[in-house]
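Residue numbers (the working numbering), protein chains in the order written: chain A, 416 to 527; chain B, -10 to 100.
Glycine included, every Cβ here is placed at the ideal spot set by N, Cα and C.
Keep in mind the model is a prediction, meaning the values are calculated, not measured.
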């Protein structure tokens, strides 16, 4: 049963466009993440948000920015997409004091 | 820095055979390891986790034992089924903030 919801499922856009992906979790967790899964299925952490504070940013290009309105939402904006941004972007959440991370199904971005 | 290594990219097995997927790690913290399974077009889901040395942990027929002496947390199953075909990720908790994932192993079970 999915408790981390991502929209859209798929998005195709042209180089240079701006895109925004939404993520909402209904688990009451206080930490949310964005991971990038590339064409080789490698999962890499992009951002981690805890109580609206960014606490991890792993060498992600500046055109990427996370946006959070409250602890249940963490959106991802890409200001000017590039071909290498084509990937599946997975949102996830975790409860403080617990170790399990819950993932959404992902948003597949194709940049043409 | 912390790292997770999964040596097999693809494992193809006949239904009913045993499987072992390798996972080794490096960390400066006390290790906490995870296995996640991702079926096609689905979200990764937690399969197993452990931070206890030399204690076997099991779930849905899969099992793994964290061995700190060899920095390993291999995933095993005694008899694979067609429904086990999926992508399996080993992950390491990184300083309590996020999980660092290995490159993943695709398990393909054939009839």
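Contact of residue 76 of chain B with chain A is assigned, a C-beta pair being separated by under 8 Å.
Cβ neighbours of residue 486 of chain A within its own chain (closer than 6 Å, five residues either side excluded): 445.
The shortest C-alpha to C-alpha distance from residue 23 of chain B to any of B:80, B:55, B:14, B:32 is the one to B:80. Shown in chain order are the members of the stretch 449 to 461 of chain A whose Cβ falls below 7 Å from a Cβ of chain B: 456, 457, 458, 460. Around residue 21 of chain B, the beta-carbon contacts reaching into chain A at under 9 Å are 514. Where residue 65 of chain B is concerned, the enclosing beta strand (DSSP E) starts and stops at 64 to 66. Of the residues A:430, A:510, A:460, A:423, the one whose Cα lies closest to the Cα of residue 495 of chain A is A:430. Residue 51 of chain B sits away from residue 35 of chain B, with the two beta carbons spaced by 8 Å or more.
Taking a beta-carbon distance threshold of 8 Å, residue 526 of chain A does not count as an interface residue toward chain B. Excluding five sequence positions before and after residue 9 of chain B, the CB atoms of its chain that fall closer than 6 Å to its own CB belong to 63, 65, given in chain order. Residue 33 of chain B and residue 420 of chain A do not touch by the CB rule: their CB atoms are close to 15 Å apart, not below 8 Å.
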